[in-house]
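Participant: Top to bottom, those sequences are chains F and A.
Sequential numbering from 1 applies to the first sequence in this note's numbering.
Sequential numbering from 1001 applies to the second sequence in this note's numbering.
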Amino acid sequence: MIKIENVHKSYGTGDSRNEVLKGVSLTVKDGDFVVILGASGSGKSTLLNVISGLEPADEGTICYDDRKVSSMNDTELTKFRKEYIGYIFQQYFLLPNLDVDKNVKMGADLAGNKEYRKTIKAVGLEEKRMKYPHELSGGEQQRVSVARALAKKPKVLYLDEPTGALDEQTGRQVLDYICTLKRELGFTMVMVTHNQNIAQMADTVIRMNSGRIVETYHNTKQKTAYEIAW
Amino acid sequence: MMYEYVRCREEYGMIISFKDVFKMIGILIVSFCAVFVCTLFLNYYIDITSVEAAITGQMARIMYEAMRNTAKMVSALSGGCLLLTSVVLLCFYIGHYVDTHKKQLGILKALGYSRFAIAKGFAVFGLCVFAGAAAGYLGAHLLMPGFYETQNAEGYFPPFDATFHPSLFIALAVLPAVFFAMLSIFYSYYRLRVSALTLMREAAAVKVVKAKKETNMPFLTELRKSSVRQRKSLVFFITFAVFCFSSMMQMSFSMDELASVMMAVMIMSIGIVLACVTLLIATTSVMKANAKTITMLKVFGYEARECAKAVLGGYRPWAYVGFAVGTVYQFGLLKIAVEVVFAGMEGIPEYGFDVPAFFCTLVVFVLLYEGIMRFYGKKMERFSVKEIMLD
Ligand SMILES: Nc1ncnc2c1ncn2[C@@H]1O[C@H](COP(=O)(O)OP(=O)(O)O)[C@@H](O)[C@H]1O
Ligand SMILES: [Mg+2]
Chain F
1 MIKIENVHKS
11 YGTGDSRNEV
21 LKGVSLTVKD
31 GDFVVILGAS
41 GSGKSTLLNV
51 ISGLEPADEG
61 TICYDDRKVS
71 SMNDTELTKF
81 RKEYIGYIFQ
91 QYFLLPNLDV
101 DKNVKMGADL
111 AGNKEYRKTI
121 KAVGLEEKRM
131 KYPHELSGGE
141 QQRVSVARAL
151 AKKPKVLYLD
161 EPTGALDEQT
171 GRQVLDYICT
181 LKRELGFTMV
191 MVTHNQNIAQ
201 MADTVIRMNS
211 GRIVETYHNT
221 KQKTAYEIAW
Chain A
1001 MMYEYVRCRE
1011 EYGMIISFKD
1021 VFKMIGILIV
1031 SFCAVFVCTL
1041 FLNYYIDITS
1051 VEAAITGQMA
1061 RIMYEAMRNT
1071 AKMVSALSGG
1081 CLLLTSVVLL
1091 CFYIGHYVDT
1101 HKKQLGILKA
1111 LGYSRFAIAK
1121 GFAVFGLCVF
1131 AGAAAGYLGA
1141 HLLMPGFYET
1151 QNAEGYFPPF
1161 DATFHPSLFI
1171 ALAVLPAVFF
1181 AMLSIFYSYY
1191 RLRVSALTLM
1201 REAAAVKVVK
1211 AKKETNMPFL
1221 TELRKSSVRQ
1231 RKSLVFFITF
1241 AVFCFSSMMQ
1251 MSFSMDELAS
1261 VMMAVMIMSI
1271 GIVLACVTLL
1281 IATTSVMKAN
1291 AKTITMLKVF
1301 GYEARECAKA
1311 VLGGYRPWAY
1321 VGFAVGTVYQ
1331 FGLLKIAVEV
1341 VFAGMEGIPE
1351 YGFDVPAFFC
1361 TLVVFVLLYE
1371 GIMRFYGKKM
1381 ERFSVKEIML
1391 D
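1. May I ask whether a heavy atom of ligand 2 can be found less than 7 angstroms away from the beta carbon of V20/F?
2. Using the three-state DSSP reduction, which class does V945/A fall into: helix, strand or coil?
3. So V190/F is in the alpha helix (DSSP H); what residue range does that whole segment cover?
4. Just to confirm the assignment, what range does the alpha helix (DSSP H) spanning V106/F have?
5. Determine, using beta carbons only, whether S1285/A comes closer than 8 angstroms to chain F.
6. List, in chain order, every chain F residue whose beta-carbon is nearer than 8 angstroms to that of F1219/A.
7. So, helix, strand or coil for L94/F, using DSSP?
8. Please classify T1100/A as buried or exposed, where buried requires at least 16 neighbouring CB atoms within 10 angstroms.
9. Got a sec: does ligand 2 put a non-hydrogen atom nearer than 7 angstroms to the Cβ of V1325/A?
10. Give, in chain order, every residue of the region 120–132 of chain F whose Cβ lies closer than 8 angstroms to some Cβ of chain A.
11. Of all Cβ atoms in chain F, is any one closer than 8 angstroms to the Cβ of R1374/A?
12. Is S25/F near ligand 2, judged by its Cβ being under 7 angstroms from some heavy atom?
13. So which residues on chain A does T78/F lean against when the C-beta distance must stay under 7 angstroms?
14. Under the three-state reduction of DSSP, which class applies to V156/F: helix, strand or coil?
15. Give the DSSP bridge partners of E215/F, in chain order.
16. Using CA atoms only, rank isn't needed, just tell me which of T1215/A, I1046/A, A1066/A is closest to Y1156/A.
17. Applying a beta-carbon distance threshold of less than 9 angstroms, which residues of chain A neighbour K152/F?
18. Taking a Cβ distance cut-off of 7 angstroms, strictly less, list which residues of the region 1184–1209 of chain A are near chain F, in chain order.
19. What in chain A is Cβ-close to R81/F, meaning under 9 angstroms?
20. K1120/A to F1179/A, Cα distance in whole Å?
21. Name the two residues that bound the continuous alpha helix (DSSP H) containing E83/F.
22. Taking its Cβ as the centre, do 16 or more other Cβ atoms sit within 10 Å of M1002/A, making it buried, or is it exposed?
23. Strictly below 9 angstroms CB to CB, what residues from chain F border I1385/A?
24. Is K1072/A helix, strand or coil by DSSP?
25. Express the C-alpha separation of I1029/A and I1270/A in angstroms, rounding to a whole number.
26. Is it the case that the Cβ atoms of Y1376/A and T1283/A are separated by a distance below 8 angstroms?
27. Enumerate in chain order the residues of its own chain whose CB-to-CB distance from A1060/A is below 7 angstroms, with the five nearest sequence positions on each side excluded.
28. Which residues does DSSP list as the beta-bridge partners of E19/F?
29. Going along the chain, which residues of its own chain have a beta-carbon closer than 8 angstroms to the beta-carbon of I206/F, five neighbours each way excluded?
30. Under 8 angstroms, Cβ to Cβ, is there at least one residue of chain A near H8/F?
31. With a threshold of 6 angstroms on Cβ separation, who are the neighbours of S52/F within its own chain once the five nearest residues in sequence on each side are excluded?
32. For I1029/A, which of helix, strand or coil comes out of DSSP?
33. Under 7 angstroms between beta-carbons, which chain F residues line up against S1226/A? List them in chain order, please.
34. Who are the neighbours of T1100/A on chain F, taking C-beta pairs under 7 angstroms?
35. Cα separation between K1309/A and E227/F?
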């Protein structure tokens, strides 16, 4: 369980100080699928970075089970991310000089996962295993990044606009791969998006507006990536 | 595109900005060292030759010949070695500059600027060489009175003063600057031979050196191998830097016995400066090229130290190869030099391999090399995730 209480975060100082998170509290149950909605600039990415231990919060507490992330130093945070967290970003951020196999291995080695090729197969990239990122389409690159994050066997997967750079068809396909793997592996998932429709796939939906959570609700029935409108 | 266009127009007056020239601090330092040493010894050579008639006595004659030979050898050796370094460094810089500015250069070409008009701008690199050379010349003249005194500590020669030789200034500062300016123009002219469109297309393309065959090693090992594969020119640089360090340090220990302390100190400082500059340039370039990769590794939970080791570690074996070659080189060179310089003199001990000097140099090298690697490891810890996400 992830417990976030009264998290504040601002950038800059003095007159240019910009409070991006203005007291966010939220609880995420194990195995939950949370979607965070909100307009551009409302602080979604910042929230994701702060609760996943990439950036320190100014104030407030963040706890994963009995581990208090908000009071860890940089080395402890790195170790924590290694054990707990997987990331998928809008811009993929694959390692350009290494092929698909090695990119996925990057995640797998952190968890001592020797069977990472199964994950490559699971995202349908078995044939492109020896290709380099620049030789792949956007959708394929994002699937590599999905395999990389999941080969790491994370307890929590954070996704920041994973379909933001993809067209409808590849977007649906990537989401479908992610959800299939979630059912199989049972990790917790927190996804940021500004596509309202994707919210219908989630268990819990959170809406943000200028640094605050303004709405939280639970879906009784979840749609699949091919059932939602785009 | 519009923005790029405007920027190029603005920059056209000076294609290479001051900041770019500043980055060539390496060449500045190398040319400083080269000219400093050459001026010192060549000036001495000319001045002592001018008092030749006044040197009588058998021992004085022998010392006179030995001094002249040393001066010739040292300036040829360090001058040549450093000249080669600066040529390599300069080509590396220009190549790197063209690689990273392909888009701007492509746009300039597309706008109709001729190849030569663009290449002309690269001549400012010659200025950098001139600045370093002039400073070296000046520095040598400042040190000259003291140097002349130590060279004649035993009083074999009649006292003579350091004189200013304009021809030496032209040969050591002006001509090299002109030479390097021309070299810059020719080399960049050559690099710009492809069409504007090709330049722009290449700018957008990703350059990746692929692995030749499939391997199955731990990820960090793969990363280490790939890192070296991507930048093979740096293997040369690092090996060369350590080669210079190893040979010059060990040589300076022997110089202490064979020639003067002054020369020993000088050769030692040149070796250290040269090695440090080259090593820092090479390492910075590796780090810059891998900044995104390292940040991503950190995001996923790899420790900064592991990342540094993986990205820089592939060059370590080459550094030690450089050290070994440098050791052999200096031994061979001194063996020959002793025979030439002291030919016909009696009482000169047989020159043998200096074991303490070797170990001393090795220790300094290990400390220096590992120190630089640690420094970069620390630097990597400060990479932030935001930096790569924002661009
Ligand atoms: N490193 C930073 N420095 C300064 N301001 C930042 C930084 N990161 C984000 N911001 C600001 O915080 C606000 C929220 O950003 P972000 O969390 O990326 O929003 P979202 O992901 O919802 O679009 C924006 O106004 C942005 O300009
Ligand atoms: Mg965002």
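Built from N, CA and C at the ideal position, the CB exists for glycine as well.
A quick note: this is a predicted structure, and the numbers were derived from the prediction, not measured.
Facilitator: So, from the listed chains and residues:
1. Flag unset: Cβ of V20/F not near ligand 2.
2. Given a span of 1001 to 1391 for chain A in the structure shown, any question on residue 945/A remains unanswerable.
3. Not the alpha helix (DSSP H): V190/F falls in the beta strand (DSSP E), residues 188–192.
4. Here residue 106/F is Met; the residue named in the question, Val, does not match the sequence. Note, M106/F: alpha helix (DSSP H), 100–110.
5. no
6. K102, K105, M106, A108, D109
7. Residue state for L94/F is assigned as coil, using DSSP reduced to three classes.
8. So T1100/A counts as exposed.
9. Residue side-chain check: V1325/A keeps its Cβ at 7 angstroms or more from all non-hydrogen atoms of ligand 2.
10. M130, Y132
11. no
12. no
13. K1298, G1301, E1303
14. strand
15. R207/F
16. A1066/A
17. F1300, G1301
18. V1206, V1208
19. K1298, V1299, F1300, G1301
20. Their backbone Cα atoms lie some 14 angstroms apart in a straight line.
21. 74–84
22. Note on M1002/A: pLDDT 43, under 50, position unreliable in the model; the coordinate value appears next. Exposed, because fewer than 16 other Cβ atoms sit within 10 Å of the Cβ of M1002/A.
23. The sequence shown places Val at residue 1385/A, rather than the Ile named in the question. Per Cβ cutoff of 9 angstroms: N49, L54, E55.
24. helix
25. The C-alpha of I1270/A lies about 10 angstroms from the C-alpha of I1029/A.
26. yes
27. Shown here for A1060/A: same chain residues with a beta carbon closer than 7 angstroms to its own, the five before and five after excluded, namely Y1156, F1157 in chain order.
28. S10/F
29. L26, V34, V35, I36, L37, I213, E215, T216
30. no
31. I85, Y158
32. helix
33. Ordered by position in chain F, the residues that pass the 7 angstroms Cβ test against S1226/A are N97, L98.
34. Close partners of T1100/A in chain F (Cβ separation under 7 angstroms) are lacking, with about 16 angstroms as the shortest Cβ gap.
35. Rounded to whole angstroms, K1309/A and E227/F show a C-alpha spacing of 48 angstroms.
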